[in-house]
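Reading the sequence shown from the start, the letters are residues -25 to -1, 1 to 344 in mature numbering (1 follows the signal peptide of the UniProt record, and there is no 0).
In this text, a Cβ means the ideal position worked out from N, Cα and C, and glycines have one as well.
What you are looking at is a predicted structure, and each value in this text was computed from that prediction instead of being measured.
Have a look at the structure below, then the notes.
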Amino acid sequence: MTTRFFLTSAATTLLAAIACGPAHAAPDLEAAQAIVDEHSQIPTFEPPGEPFDAKACMADKKLFSVPTSSSIPFVDGIETSMEEVAEEIGFEFQQWKNQAQPTQWVQGMEFAINNGFDGIDLMAGIIPSSLGPQAAAAKAAGIQVFATHWADTTTPDDPAATHSFPIPYTRVGEIIGAWITVKTEGKANVLIIGSDDVPATTPYRKSVQATLDKLCDGGCSHTYVNVPVAEWATKIQTNVQGALIADPTINYIVPIYDSMSQFVLPALTITGKKGQVKIATFNGTPFVIDLVRQGEVEMDIGESLGWIARSTIDAEMRSLCGLDVPEDLYVPLLIFDKDNAETAGVPAGFNQGYGDEHVSGYRKLWGLE
């Protein structure tokens, strides 16, 4: 005997919904577009503090900088710009070249302590407390320790530093999430590549994820892969290749820091995904803006390296000169895409495309003109 089951129309609808997954409201494309539009305009300069005589203040002072890794073009570009700004003002500045090895950071700290520097800048990702003994020795010697461009504005200050000067990485995450929402109309499958050894990574990538969840209203999915800074050249390409093979529906890749893009692109070529999977990233490193102009990378949120250098030097000079210091670095964010990448120069430069208000603005602020 054959038994037949008949479903009511309501039950049929329920089963169909289960089969297709949870229902979602429409993505909030209007809110996403508003975020994109806000950061598509040339930034204007607003003084981050009161004017002061920088040349007189820094006449007898020396500043030393230890970056997280000199092999990252973005980081090395900031250091080069800081050297130029220091020369413009007229004080001694020295950077400690390294390849992201903690022992090298320790050596740099010890060099600064032994050679009479007034301030040490731990720049772009070094956790001050990871160099606790050296930071304590520096302070004991009367040297101020700064942590700059190292963490998000939501991250508590590190007690090992005299001052912490973060940037709004969570806002960067919102911009990237909004961009992808607009471009995919709320239907994205995103692979995020980050480095958990850099303090800013966690709040930044969580912001990307939360923004996608909110603006897509559940219509976007995302996966995260951690690759430490020292392993970018050996691990990013293989991780991306593996992810694309395992999930061919991935349509966006977010390298948390744009210098990672050079290791993502070969994976797209090898897997036949070049041109299909888009890249959205952050930092505004010149070679990556060139890749945007060439169509290899879809968008790069830029922060002028010259603006970063001036903002960093400004905050540190204020501290060394006994003035009020800002709570974070004054670094505007600007989206570069195919429509404006050429404004950064051909090839792109560290400071082009952002206007030049900050150059004359800081000179006036420091009493140089």
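In whole angstroms, what separates the C-alpha of A110 from that of A(-1)?
51 Å
Relative to the ligand SAM, is the shortest distance from any of its heavy atoms to the C-beta of H138 smaller than 7 Å?
What this structure holds is no ligand at all, so the ligand SAM is not there to describe.
Per DSSP, what are the beta-bridge partners of S335 in this structure?
Paired residue(s): none; S335 is not in a bridge.
Verify whether the separation of the beta carbon atoms of V215 and S236 is less than 8 Å.
no
Report yes if the CB atom of I231 is closer than 8 Å to the CB atom of R180, and no otherwise.
yes
Where does K37 sit, in a helix, a strand or coil, going by DSSP?
strand
What are the uninterrupted segments assigned as beta strand (DSSP E) that are 3 or more residues long and contained completely in the region 206 to 280, given in chain order?
227 to 230, 253 to 258, 274 to 277
Pick out the complete alpha helix (DSSP H) segments inside the region 108 to 191, 4 residues or longer, and give them in chain order.
144 to 159, 176 to 191
Within its chain, find whatever has a CB closer than 7 Å to the CB of A112; leave out the 5 residues flanking it on each side and keep chain order.
I88
Applying the 10 Å Cβ sphere with the 16-neighbour rule, what's the burial state of I17?
exposed
For P141 and E302, the rounded distance between their alpha carbons
8 Å
Residue from E63, I53, V41, V50 whose Cα sits closest to the Cα of E85:
V41
Within 8 Å of any Cβ in chain B, is that where the Cβ of Q8 sits?
This model lacks chain B altogether, as it is built from one protein chain only.
Sheet register partners of Y199 (DSSP bridge):
I167
Compute the distance between the beta-carbons of V60 and I310, then report whether it is under 8 Å.
no
Of the listed residues N226, M57, S196, nearest to G65 (C-alpha basis):
M57
Output the distance between the C-alpha atoms of S286 and A255, rounded to the nearest integer angstrom.
25 Å
Nearest to G161 (by Cα), restricted to the options D192, Q79, K339
D192
Beta carbon of I10, beta carbon of A153: below 8 Å?
yes
Going by alpha carbons, who is nearest to S139 out of E291, G336, C296, L308?
E291
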